[in-house]
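Residue numbers (my numbering): 1 to 228.
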């Protein structure tokens with residue numbers, strides 16, 4: 001797929017005309033990262049916007065209150081973007097971004113992106129809409145993780161993954177390539193043992209079904225009603 005065709009599939013740029021997409025594709029570059037490679041580090045200077053072309057990345061921070069424990073804020077998939085906060089305010093990065101698989105990213109330098117949004121306000125609107133959705137989701141997750149018990153915290157993470165990467169068919173949501181248990185623990189703010197125990201509990205209640213790295217939420221609406 002050509003870069004301009006890929007950019008057309010990215011919600012942030014979907015309203016741009018073909019000529020602008022071709023121009024944008026020429027101003028940016030694609031870079032590859034191996035699994036577990038750090039793409040951005042917390043406190044780095046923010047000079048570019050990144051759009052994930054292929055692979056999967058995690059956004060995380062290191063908790064100073066828990067002796068350097070990693071806290072995973074979100075997991076991003078192709079067509080998602082990151083680095084926008086530092087890009088807009090010119091401050092340092094607020095989190096670390098790490099490739100979970102072999103990944104490719106399309107990189108747009110800050111001055112090129114700022115020129116783009118000046119000439120195409122529709123990109124600014126799309127950006128604001130995405131940022132608003134992320135803030136709402138973050139607010140809901142913070143509330144859920146601070147108020148719920150261990151089971152509720154794990155369920156909150158599963159619902160987040162279902163909304164982000166799940167595929168629904170006849171009420172059943174499939175989450176392929178479920179993150180490893182230690183990664184789920186870092187997302188839920190709990191331990192790997194709690195993740196394992198809770199997933200098995202959900203399975204015994206027929207709320208979920210697991211096959212290797214595939215997890216199915218058997219009745220998404222019921223699960224959401226119980227834990228949403």
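Glycine included, each C-beta is placed from N, C-alpha and C at the ideal position.
Owing to the predicted nature of the structure, the values given are computational and were not obtained by experimental measurement.
Can you give me the start and stop residues for the alpha helix (DSSP H) that residue i sits inside?
i           : result
residue 158 : 150 to 165
residue 184 : 181 to 188
residue 3   : 3 to 8
residue 203 : 192 to 204
residue 84  : 84 to 89
From residue i to residue j, what does the alpha carbon distance come to, in whole angstroms?
i           : j           : result
residue 221 : residue 34  : 37 angstroms
residue 155 : residue 182 : 15 angstroms
residue 209 : residue 223 : 13 angstroms
residue 175 : residue 215 : 5 angstroms
residue 102 : residue 51  : 14 angstroms
residue 136 : residue 130 : 10 angstroms
residue 171 : residue 184 : 23 angstroms
residue 142 : residue 188 : 10 angstroms
residue 151 : residue 207 : 12 angstroms
Does the beta-carbon of residue i have 16 or more other beta-carbons within 10 angstroms, so that it is buried, or is it exposed?
i           : result
residue 153 : buried
residue 179 : buried
residue 160 : buried
residue 132 : exposed
Over what stretch of residues does the beta strand (DSSP E) that includes residue i continue unbroken?
i           : result
residue 211 : 208 to 211
residue 104 : 103 to 109
residue 222 : Element bounds for residue 222: not the beta strand (DSSP E) but the alpha helix (DSSP H), 220 to 227.
Measuring only between beta-carbons, confirm whether residue i sits less than 8 angstroms from chain B.
i           : result
residue 162 : Absence of chain B from the displayed structure is noted, only one protein chain being present.
Three CB pairs or more closer than 8 angstroms across the segment 114 to 121 and the segment 44 to 61: no
Do the segment 19 to 29 and the segment 68 to 78 touch if we need at least three Cβ pairs shorter than 8 angstroms? no
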